[in-house]
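In UniProt numbering, the protein residues as written are 1 to 234. Backbone N, C-alpha and C fix where the C-beta goes; we use that ideal spot for every residue, glycine too. Okay, so here's the structure we're looking at.
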């Protein structure tokens, strides 16, 4: 109301340029922020998640040494792992686990632009509700809207990375040796599918880490847009 009254009264005393300068400096009525701006703030938070957190996954041991996202063995390979260790083949079992994580690290490095583009293209149908939901609501929304498309783009990258870091050869050797053992059932898991899903989960986990930080730590809101938008959920 004060803003409206001032804008009514001031023209009688000031020139247009002076009036515009004062009007621009006045706060919006009720601190109003448009849905477009809220959506932009959510996208920026997700972008920061990629920039600050997902890039950590691309470093050596970025997956393997990170308890939040470390890729463990699928159920059908856990019995392979146990059997190899029971037979004293711990080094081979350790290498099998490590190369799966190496493939994810390599693939995320190659595929980071895929996630950046996904954030740019995401349309928040109800940005304000997402803003005021739980600490990782924007990440969850991104995951639900993009996982199928991201899988299709990411899976070939994972397949290439499995070969690049030697994971395909390592696991071919492991599985062949296991399948030759007496009293075992043959296994032939789809490693590319498994690692793709695990790597995607890891990426979304790390984006969520940054979103939660921005929502709960004022110092993490390092732009005016983040400050304005996330002040609405405080």
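Three-state secondary structure (DSSP) at residue 36? helix
Would you mind working out which of 98, 85 and 45 sits nearest residue 71, comparing C-alpha positions? 98
Please classify residue 7 as buried or exposed, where buried requires at least 16 neighbouring CB atoms within 10 angstroms. Low local confidence applies: a pLDDT of 39 at residue 7 is under 50, so the model's placement there is unreliable, and no value is given.
Residue range of the alpha helix (DSSP H) that residue 163 falls in? 137 to 164
State the DSSP-derived secondary structure class of residue 183, mapped to helix, strand or coil. coil
Residue environment, residue 78, which counts as buried when at least 16 other CB atoms sit within 10 Å: exposed
With a threshold of 16 other CB atoms inside 10 Å of the CB of residue 166, please say whether the residue is buried or exposed. exposed
What are the start and end residues of the alpha helix (DSSP H) that includes residue 228? 224 to 230
Is the distance from the Cβ of residue 104 to the Cβ of residue 192 below 8 Å? no
Alpha carbon to alpha carbon, what distance is there between residue 56 and residue 219? 20 Å
Any 3 or more C-beta pairs closer than 8 Å across the region 39 to 55 and the region 120 to 137: yes
Contact defined as beta carbons within less than 8 Å: I believe residue 138 pairs with residue 46. What is the distance between those atoms, to the nearest angstrom? 6 Å
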